[in-house]
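With our numbering, the residue at position 87 of the sequence shown is 92, and numbering never jumps. Every residue gets a Cβ at the ideal spot worked out from N, C-alpha and C, and that includes glycine.
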Amino acid sequence: MSEAKSASQTVEEPLDLIKLSLDERIFVKCRGGRVLRGQLHAYDQHLNMVLGKVSETITTVEIDEETYEENVKTEKRTVELLFVRGDTVVLVSPPLRTV
Numbered sequence: 006m007s008e009a010k011s012a013s014q015t016v017e018e019p020l021d022l023i024k025l026s027l028d029e030r031i032f033v034k035c036r037g038g039r040v041l042r043g044q045l046h047a048y049d050q051h052l053n054m055v056l057g058k059v060s061e062t063i064t065t066v067e068i069d070e071e072t073y074e075e076n077v078k079t080e081k082r083t084v085e086l087l088f089v090r091g092d093t094v095v096l097v098s099p100p101l102r103t104v
């Protein structure tokens, strides 16, 4: 790591990576088959987040009782501003950074 980087850009704890992603688009995977992509406006130590310009995809799998076939259903929506409760978060992926 170069010495030109300020102390505010180093990652020492997991939440530091989230801090570096403020005001950038992130990928969030949640329980229940929800996937979110949006701009991170705020977060706290519990991973509660406020996302803006959110694209949400919900995938559900239903099993037909007669044929036992899986029916995959995908719903998409966009939301201007969304509060995400931290205990639903499974994965947070910051934007791809190139050196």
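In angstroms, rounded to a whole number, what distance separates the CA positions of residue i and residue j?
| i | j | result |
| --- | --- | --- |
| P100 | E75 | 33 Å |
| L96 | V33 | 6 Å |
| L86 | V16 | 27 Å |
| L45 | T79 | 24 Å |
| A12 | Y48 | Summary for A12: the model assigns pLDDT 45, below 50, so the residue's position carries little reliability; its value from the coordinates is reported in the next sentence. Taking the straight line from one Cα to the other gives about 20 Å. |
| E18 | L56 | 22 Å |
| Q50 | T72 | 46 Å |
| V66 | R39 | 12 Å |
The beta strand (DSSP E) with residue i in it runs from where to where?
| i | result |
| --- | --- |
| L25 | That residue, L25, is in no beta strand (DSSP E); it is neither H nor E in DSSP. |
| Q44 | R39 to Y48 |
| G57 | M54 to I68 |
| E80 | E75 to V89 |
Report, in whole angstroms, the separation of the C-beta atoms of residue i and residue j, which I expect to be a contact under 8 Å.
| i | j | result |
| --- | --- | --- |
| L27 | C35 | 20 Å between Cβ atoms; not a contact. |
| V77 | T62 | 12 Å between Cβ atoms; not a contact. |
| E90 | N53 | Inspection of the sequence shows that residue 90 is occupied by Arg rather than by Glu. Rounded, the Cβ-Cβ distance is 6 Å, consistent with contact. |
| S60 | G43 | 7 Å |
| I23 | S98 | With 8 Å as the limit, I23 and S98 do not qualify as a contact, their Cβ atoms being about 11 Å apart. |
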